[in-house]
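Before any comments, here is the structure.
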């Protein structure tokens, strides 16, 4: 295995297929750590990590925090409210201050697209993008891919359709880049008012009707629909959205084969997804959450300079 | 009175008279006295050897932001006027989106006084269309024109109300001034940071569709037709706008249009990597738009080049793309960018470029200059069009550094700028090659 990662993980657009496989393969041995009685290995002992969340997040922040703690890193959480950020500090100043404190890694979520790259270009520490605006959410893309690989046994040739608000979704973009690089067939489906311009030119097909997507796909990754989209006039109502685009058992029953159902969370039950689908036998939504910790452990480990072939040994103890 | 000035042996270009030949230019008492071969100046004349250089009427920029009053940390009328003459401009028109807004005769008079005090380029104020640029009540055009305004505009913002635009075009006719509009349908452009297209989709940035500009261009052309007023369309950026203007002009609508050097040269690809120096409004568009703008400039559909010089403090641009302000500085690179890309790129001849950067804008805004005819004001630039130079933003005369052309090698530069017969800019160490 010759692939290595760059200093930062900003997005899957910038990774090669080899680099993506490296992360997914490195995540495999880390899955087991979370199944242990004592969920801790010393791989990142002595490393300091800041979790810098300019936007609210529960799942992603906790997932990163567990990944860090299970690798024995020292972590600090900074949320936007109550920090210097809410007092008008610029992103540049935040970056300079982190640099001055000699942090090893920064995990950042920010509302502006490009914020992770902006930070990464200005500090020596590793930067991991935990979601930047409408741009990318690379660890979500990776955990989605790991889950597909677990469930289907491969990624190449699998037909994955992202359903919902593609325009405003960083999850959609990371999935799109990662999956196409590993040879999956990717489609998007949603109201045309929520599909971004030129999306087909990125090598994906676009469905305007969810029935067509269900007929075509092996896997549906159903995206959260935010209430704000109705308020901003992209769709008339959540009620109608469910009627026209909702992933329901009735629609899935008409599919030629059972579909694997994914959702990056948090779910709006009864809006983009029917509860019976989310809780049904083909849902891997909670596997995604479990895989999230392993993928993030792999990313942290690799960016800290850990050697992939030693990942197995690293979780044993002695070797760091 | 300043000393007489004799520019000897340059290639003299005066598009107004279709003049392009080697000649001497004699300036006396702030006016062009004579243009011809073998001139001898009066005793005591300042005689300059400009062989190998181009002598042209001083460049005229009908669209700059000089930030005074209100944001003197970014630019002042004096530093903006210094940047202008360094770029070969002898006259610039200052947009009224200052703080407070230049929407009354006292504010217009302040700009005139500051420019006289600076004593560099002529700075002509543009007054606001509406009080406070709020888009509601018409500003006092008559008093502003009396104080020195040469046009009205709410630039920085569109004139959203169709009724207000109509009234402005009608009312402006009394004073024979253009109404310059920043064409942007605000509900389509809201929250947008760059051109809506493949690059914005990839970068996850909200796009501004071409239609946001074209809807307002179409409206303004219809209102100009309705009222007989002169509408001047600022910084055109889309192929659709070019088409709309072309067909309106064919119908005889009183419209003029400008384009910036950057919209003629760069595309939305410049935003890759979230480079905030490629963030401007209107945004950089697609290669087909650039091609149409060049074609429009060539055939006169687009009348002139204007820089939309928009200084911003360095730390404002050092931000996430969404958070950075729109705009770039342009006075010190406009001619070089246009010459390198359009003249050396065989889109325009040099006399055609001078026409679009001097003669035509002077005519459109009824300004002195734009010609080297005997008796005209002696606003002159001497241009080196052979020696390449590298853009060093740290060396700008402007207070701001926000340019997407930093470190580019360009050909074309003002080595001498003369306003009213007085040398106001001279580049030292000019190569003699």
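Protein chains in written order, with my numbering: chain A, 14 to 333; chain B, 1407 to 1839.
Cβ coordinates follow ideal geometry from the N, Cα and C atoms, glycine included.
Can you check whether the C-beta of residue 1726 of chain B is within less than 8 Å of a C-beta belonging to chain A?
The residue you call residue 1726 of chain B lines up with position 320 of the second chain. Look at residue 1726 of chain B: its C-beta is under 8 Å from a C-beta on chain A.
Assuming residue 54 of chain A contacts residue 46 of chain A under a Cβ cut-off of 8 Å, what Cβ separation, rounded to an integer in Å, is found between them?
Stepping through the first chain from its first residue, residue 54 of chain A is reached at position 41. Stepping through the first chain from its first residue, residue 46 of chain A is reached at position 33. Yes, they are in contact, since the Cβ atoms of residue 54 of chain A and residue 46 of chain A sit about 6 Å apart, within 8 Å.
Find the residues of chain A that neighbour residue 1721 of chain B, judging by a C-beta separation of less than 8 Å, and give them in chain order.
The residue you call residue 1721 of chain B lines up with position 315 of the second chain. Proximity of chain A to residue 1721 of chain B at the Cβ level (cut-off 8 Å) is accounted for by 103, 105, in chain order.
Tell me where the beta strand (DSSP E) around residue 1430 of chain B begins and ends.
Within the second chain, the letter at position 24 stands for residue 1430 of chain B. 1425 to 1434 is the span of the beta strand (DSSP E), which, as asked, contains residue 1430 of chain B.
On a Cα-Cα basis, can you pick out the residue from A:90, A:41, A:272, A:59 that is closest to residue 234 of chain A?
For the purposes of this step, residue 234 of chain A is taken as residue 221 along the first chain, with counting starting at 1. For the set A:90, A:41, A:272, A:59, the Cα lying nearest the Cα of residue 234 of chain A is the one of A:272.
Interface residues of chain A around residue 1602 of chain B at Cβ under 8 Å?
Position 196 of the second chain, counting from 1, holds the residue named residue 1602 of chain B. Correct list: 210.
What residues are listed by DSSP as bridge partners for residue 1499 of chain B?
Counting from 1 along the second chain, the entry for residue 1499 of chain B is found at position 93. The secondary-structure analysis by DSSP pairs residue 1499 of chain B across a beta bridge with B:1530.
Limits of the unbroken beta strand (DSSP E) element including residue 88 of chain A:
As a working mapping, residue 88 of chain A is identified with position 75 in the first chain. Residues 87 to 92.
Applying a beta-carbon distance threshold of less than 8 Å, which residues of chain B neighbour residue 126 of chain A?
Here residue 126 of chain A refers to the residue found at position 113 when the first chain is read from its first residue. Here the neighbours are 1609, 1610, 1611, 1680, 1726, 1727, 1728.
Could you give the distance in angstroms between the alpha-carbon of residue 1526 of chain B and the alpha-carbon of residue 1492 of chain B?
Counting from 1 along the second chain, the entry for residue 1526 of chain B is found at position 120. Counting from 1 along the second chain, the entry for residue 1492 of chain B is found at position 86. Straight-line measurement puts the Cα of residue 1492 of chain B at about 10 Å from the Cα of residue 1526 of chain B.
Reduced DSSP category for residue 198 of chain A - H, G, I as helix; E, B as strand; rest coil
Residue numbering aside, residue 198 of chain A sits at position 185 when the first chain is read from its first letter. If DSSP states are grouped into helix, strand and coil, residue 198 of chain A belongs with the strands.
List in chain order: all unbroken alpha helix (DSSP H) runs of 4+ residues lying wholly within the region 1628 to 1675 of chain B.
For the region 1628 to 1675 of chain B, whole alpha helix (DSSP H) runs of length 4 or above, ordered along the chain, are 1645 to 1656.
Per-residue contacts from residue 131 of chain A into chain B (C-beta, under 7 Å):
Mapped onto the first chain, residue 131 of chain A falls at position 118. Within chain B, 1680, 1726 have C-beta atoms less than 7 Å from the C-beta of residue 131 of chain A, given in sequence order.
So which residues on chain B does residue 183 of chain A lean against when the C-beta distance must stay under 9 Å?
The sequence position of residue 183 of chain A within the first chain is 170, counting from 1. What residue 183 of chain A touches in chain B: 1610.
Out of B:1819, B:1802, B:1830, B:1825, point me to the one whose CA is closest to residue 1460 of chain B's CA.
Translated into the one-based positions of the second chain, residue 1460 of chain B becomes position 54. Taking only the C-alpha atoms, the option nearest residue 1460 of chain B is B:1819.
State the DSSP-derived secondary structure class of residue 1739 of chain B, mapped to helix, strand or coil.
Within the second chain, the letter at position 333 stands for residue 1739 of chain B. In the structure shown, residue 1739 of chain B sits in coil (DSSP, three-state: anything other than H, G, I, E or B).
Starting from the C-beta of residue 1570 of chain B, find all residues in its chain whose C-beta is less than 8 Å away, skip the five residues before and the five after it, and write them out in chain order.
Within the second chain, the letter at position 164 stands for residue 1570 of chain B. Same-chain partners within the cutoff: 1535, 1536, 1541, 1542, 1544.
Looking at residue 1726 of chain B: is its Cβ nearer than 8 Å to the Cβ of residue 127 of chain A?
Translated into the one-based positions of the second chain, residue 1726 of chain B becomes position 320. Translated into the one-based positions of the first chain, residue 127 of chain A becomes position 114. Yes.
Between residue 285 of chain A and residue 236 of chain A, how many whole angstroms is the CB-CB distance? I'm expecting something under 8 Å.
The residue you call residue 285 of chain A lines up with position 272 of the first chain. The residue you call residue 236 of chain A lines up with position 223 of the first chain. Approximately 7 Å separates the beta-carbon atoms of residue 285 of chain A and residue 236 of chain A; this is inside 8 Å, confirming the contact.
Restricting to Cα atoms, I'd like to know which of B:1575, B:1422, B:1610 is closest to residue 1660 of chain B.
Indexing the second chain from 1 puts residue 1660 of chain B at position 254. Among B:1575, B:1422, B:1610, the Cα nearest to that of residue 1660 of chain B belongs to B:1575.
Cβ of residue 146 of chain A within 8 Å of any chain B Cβ:
To locate residue 146 of chain A, count along the first chain from 1; it is residue 133. Yes, its Cβ sits closer than 8 Å to a Cβ of chain B.
Can you grab the Cα-Cα spacing for the pair residue 1567 of chain B / residue 1655 of chain B, in whole Å?
As a working note, residue 1567 of chain B is residue 161 in the second chain. As a working note, residue 1655 of chain B is residue 249 in the second chain. The alpha-carbon atoms of residue 1567 of chain B and residue 1655 of chain B are separated by roughly 23 Å.
With distances taken Cα to Cα, identify the nearest neighbour of residue 309 of chain A among A:135, A:248, A:86.
Locating residue 309 of chain A in the first chain gives position 296, where the first residue counts as 1. Taking only the C-alpha atoms, the option nearest residue 309 of chain A is A:86.
Span of the beta strand (DSSP E) around residue 1792 of chain B
In the second chain, counting from the first residue as 1, residue 1792 of chain B sits at position 386. Where residue 1792 of chain B is concerned, the enclosing beta strand (DSSP E) stretches over 1786 to 1796.
Selected residue, minimal CA-CA separation from residue 184 of chain A, among A:104, A:107, A:252, A:149
Within the first chain, the letter at position 171 stands for residue 184 of chain A. Measuring from the Cα of residue 184 of chain A, the nearest candidate turns out to be A:149.
Chain-order list of residues whose beta-carbon lies under 7 Å from that of residue 196 of chain A (same chain, five-residue window excluded)
In the first chain, residue 196 of chain A corresponds to position 183, counting from 1. Beyond the five residues adjoining it in sequence on each side, residue 196 of chain A comes within less than 7 Å, by CB distance, of 168, 169, 170 in the same chain, given in chain order.
Evaluate residue 51 of chain A with the Cβ neighbour count: other Cβ atoms within 10 Å of its Cβ, from every protein chain shown; 16 or more gives buried, anything less gives exposed.
One-based indexing of the first chain puts residue 51 of chain A at position 38. By the neighbour-count rule (16 or more Cβ atoms within 10 Å), residue 51 of chain A is not buried but exposed.
Report the option in A:227, A:49, A:28 whose CA atom is closest to the CA atom of residue 263 of chain A.
For the purposes of this step, residue 263 of chain A is taken as the residue at position 250 of the first chain. Ranking the options by Cα distance to residue 263 of chain A, first place goes to A:227.
Taking residue 1683 of chain B as the reference, which of B:1584, B:1421, B:1799 has the closest Cα?
Reading the second chain from its first residue, position 277 is the one you call residue 1683 of chain B. The residue with the shortest Cα to Cα distance from residue 1683 of chain B is B:1799.
The region 175 to 205 of chain A: positions lying closer than 7 Å to chain B by Cβ
Those residues of the region 175 to 205 of chain A that come within reach of chain B (Cβ to Cβ, closer than 7 Å) are 183, 186.
Please state if the CB of residue 248 of chain A and the CB of residue 1607 of chain B are separated by a distance shorter than 8 Å.
Locating residue 1607 of chain B in the second chain gives position 201, where the first residue counts as 1. Locating residue 248 of chain A in the first chain gives position 235, where the first residue counts as 1. Contact: no.
Comparing alpha-carbon positions, which option in B:1489, B:1505, B:1506, B:1584 lies nearest residue 1498 of chain B?
Within the second chain, the letter at position 92 stands for residue 1498 of chain B. Closest in C-alpha terms to residue 1498 of chain B, from the list B:1489, B:1505, B:1506, B:1584, comes B:1489.
If you follow the alpha helix (DSSP H) that residue 245 of chain A is in, where does it begin and where does it stop?
Residue numbering aside, residue 245 of chain A sits at position 232 when the first chain is read from its first letter. Note, residue 245 of chain A: premise wrong, no alpha helix (DSSP H); not H, not E.
Report yes if the CB atom of residue 1639 of chain B is closer than 8 Å to the CB atom of residue 1561 of chain B, and no otherwise.
If you number the second chain from 1, residue 1639 of chain B lands on position 233. If you number the second chain from 1, residue 1561 of chain B lands on position 155. In this structure, residue 1639 of chain B keeps its C-beta atom at 8 Å or more from the C-beta atom of residue 1561 of chain B.
With the cut-off set at 8 Å, would you say residue 107 of chain A and residue 312 of chain A are in Cβ contact?
In the first chain, counting from the first residue as 1, residue 107 of chain A sits at position 94. In the first chain, counting from the first residue as 1, residue 312 of chain A sits at position 299. Cβ distance not < 8 Å, so residue 107 of chain A and residue 312 of chain A don't count as in contact.
Answer yes or no: do residue 43 of chain A and residue 324 of chain A have a C-beta to C-beta separation smaller than 8 Å?
The count along the first chain starts at 1 and reaches residue 43 of chain A at position 30. The count along the first chain starts at 1 and reaches residue 324 of chain A at position 311. Taking C-beta atoms as the reference points, residue 43 of chain A and residue 324 of chain A count as a pair closer than 8 Å.
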